[in-house]
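Residue numbers (the working numbering), protein chains in the order written: chain V, 312 to 640; chain D, 312 to 640.
Quick reminder that beta carbons are idealized off the backbone N, C-alpha and C, glycines included.
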């Protein structure tokens, strides 16, 4: 990584993982040791200005929490959702922050905080976190996939994060796997995340319920369709509900289709799975791995391992910290 | 590239592009200058042994053609179709050479020729050829896509060919874009090459004709369904045939779906298009680029350029020569 990490003088970074619902800030060193942290809600329905105030407020709280070690903080890493360019520091659009359009987030935060700031996509940050401190340590070619309300990705080739020509590479959730599938928030159709995310799972459940399906999901959601989430489907699955079984199976199937694509394209040694929906565990993931094995080239499938993310809630913030420490040189 | 290229003493490589129908051997230097060449038919319906004899025969003819410069040949590059591992030198399977199963091609040719041999997938070789001497010179992140009977690919990230963990990366033709689409020779379903290759185009034409479609394709194929190829559809298109227009449009559409996936995943600066079907030119490709533009992230689509392959027939052999010269160190 190039930065000094030895002894008391080791440099620290402050880093934020800005999500659609939560803001996590940490102060961390180059070994992934977290010195202090701050967690608060994202005012996602408010203006970008309000969200940025919450980000800088959270950063200041984490820095204050570092006490006298705050003097060793030399840079800030900023993990943000959506499509952003790490070179220009601009967040173009963000599905989870619908009011955001071409926000020069890096420069605003840098001015507010009086420190160099390095912007990185949230899934790329999580991939870096897992590469340096988590499930992907020591690998050269791996893909990080986060499965939650959407599907995000981070690509590591030759031991380095691959960010593409204008910094927006890795949007594996927006590869089409069903060309005539549902329209996606990104404007494309049949994107992986439209077929296999938590949002897709809940959407299909609501659709089937509106068609009159007899299922425990209704009872768990207390008869209120708007309460049907991936979590209610998961609970119904655990009660042996037939529809939930079918819907989870459908999600596994589509996850497997996308995994097979990544395996045929990248021939990675490892796919690391993070995100809320992945917490369903084997009931969702084991059939997905089997579907991938049926579809991918044998020679490529033989070479790949699947692993759950290890840092989960901290991977984005720790990855953003690494990004800042490494770029600050 | 590392090899010495100055003056008369510059090293040369012999290189083969082994295809399903043709074998092209060249002797070339590190600047892409071809000293001699040999072209012959591939006895694809014969045993692997017979094909390998044709390969070594072609190599010997090209080397003989180099005259006294043959003494400067230090290594052999071998571009082969199908799934192969450059590290072990084994060709696992090859759709265009159906009798091939785990053939240790590299070691057999090395023993026959008494020279170090470097194996590389044919599409990867073509990507390297375009990177060093063709349409992709000077780029860092580009994808080579060959559209012919199948769809092959080569991925260049950070200015280097990306071959993955066991050497089989880049199989972009086998990413599923229609999860319930036709079964592919690879065992997967709805692969890009099942939807958008020349084979797919001819298959759809034959299907529509068998259903009784009124089209000039029948006349061009002299009433013989087995004569219907992508080429006959293209000729019918040029006569203004409605079905041909529809079928070419369908192929463009699916090409666009796949291009959008590559753009969202790789955010490349360039996509280079080679292969026989691409010779249809703008009538096929311009609508495909537009479909990709409708589907891909704007920020990624803005960054990409499409270009036709420049070396075409020679790209695989020249890329294999580069592969040998570079690996021979």
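| Check | Outcome |
| --- | --- |
| Closest Cα partner of residue 445 of chain D within the set D:639, D:633, D:335, D:549 | D:633 |
| Whole-angstrom C-beta distance between residue 545 of chain D and residue 591 of chain D, which should lie under 8 Å | 5 Å |
| Cβ contact (3+ pairs, closer than 8 Å) linking the segment 483-498 of chain V and the segment 588-604 of chain V | no |
| Residue 505 of chain D burial status per 10 Å Cβ neighbour count (16 or more: buried) | buried |
| Residue environment, residue 485 of chain D, which counts as buried when at least 16 other CB atoms sit within 10 Å | buried |
| Neighbouring residues, chain D, relative to residue 398 of chain V (Cβ below 7 Å) | Simply none; closest approach about 11 Å. |
| Buried versus exposed call for residue 336 of chain D [16 or more other C-beta atoms within 10 Å across all chains shown] | buried |
| Counted within 10 angstroms of its Cβ, other Cβ atoms place residue 552 of chain V as buried (16 or more) or exposed | buried |
| Exposure label - residue 537 of chain D; buried when at least 16 CB within 10 Å | exposed |
| Exposure label - residue 441 of chain V; buried when at least 16 CB within 10 Å | buried |
| Status (buried if at least 16 other CB within 10 Å, exposed otherwise) for residue 354 of chain D | exposed |
| Beta-carbon neighbours of residue 448 of chain D, restricted to chain V and to distances below 8 Å | Those within 8 Å of residue 448 of chain D in chain V number zero; the least Cβ separation is about 16 Å. |
| Chain V within 8 Å of residue 638 of chain D, Cβ atoms only | no |
| Member of D:387, D:375, D:507 whose CA lies at the smallest distance from the CA of residue 637 of chain D | D:387 |
| Inter-residue spacing [alpha-carbon to alpha-carbon] between residue 438 of chain V and residue 449 of chain D | 28 Å |
| Contact list for residue 455 of chain D against chain V, beta-carbon separation under 7 Å | Simply none; closest approach about 13 Å. |
| Buried or exposed by the 16-neighbour rule on C-beta atoms within 10 Å, applied to residue 425 of chain D | exposed |
| Contacts around residue 292 of chain D, its chain only, beta-carbon distance under 7 Å, and the 5 residues preceding and following it disregarded | It is not possible to answer for residue 292 of chain D, since the shown part of chain D is limited to 312 through 640. |
| Beta-carbon contacts of residue 570 of chain D that lie in its chain and below 6 Å, excluding the five residues immediately before and after | 603 |
| Straight-line Cα distance separating residue 511 of chain D from residue 531 of chain D | 18 Å |
| Segment limits, alpha helix (DSSP H) that includes residue 594 of chain V | 593-606 |
| Test: residue 572 of chain D CB closer than 8 Å to a CB of chain V | yes |
| Three-state secondary structure assigned by DSSP to residue 623 of chain V | helix |
| 8 Å Cβ cutoff, residue 486 of chain D in contact with chain V | yes |
| Any 3 or more C-beta pairs closer than 8 Å across the segment 340-356 of chain D and the segment 391-398 of chain D | no |
| Residue-level contact to chain D via CB, residue 277 of chain V, 8 Å cutoff | Since the first residue shown for chain V is 312 and the last is 640, residue 277 of chain V is missing from the structure and cannot be characterised. |
| Min CB distance residue 550 of chain D to chain V below 8 Å | no |
| Proximal residues to residue 645 of chain D (C-beta, below 6 Å), its chain only, five neighbours per side dropped | Limits of chain D in this structure are 312 at one end and 640 at the other, which puts residue 645 of chain D out of reach. |
| Nearest-angstrom Cα separation, counted from residue 413 of chain V out to residue 364 of chain V | 17 Å |
| beta-carbon residue 637 of chain V near the ligand MN non-hydrogen atom, thresh 7 Å | Among the ligands in the structure shown, none appear at all, so the ligand MN cannot be discussed. |
| Within chain D, the residues that residue 580 of chain V reaches when beta carbons sit closer than 8 Å | 476 |
| Contact belief for residue 608 of chain V with residue 482 of chain D at Cβ below 8 Å, rounded distance in angstroms | 6 Å |
| Beta carbon proximity, residue 590 of chain V to chain D, threshold 8 Å | no |
| Helix, strand or coil at residue 411 of chain D according to DSSP, with G and I counted as helix | coil |
| Secondary structure of residue 501 of chain D, DSSP reduced to three states | coil |
| Coil, strand or helix - residue 494 of chain D by DSSP | strand |
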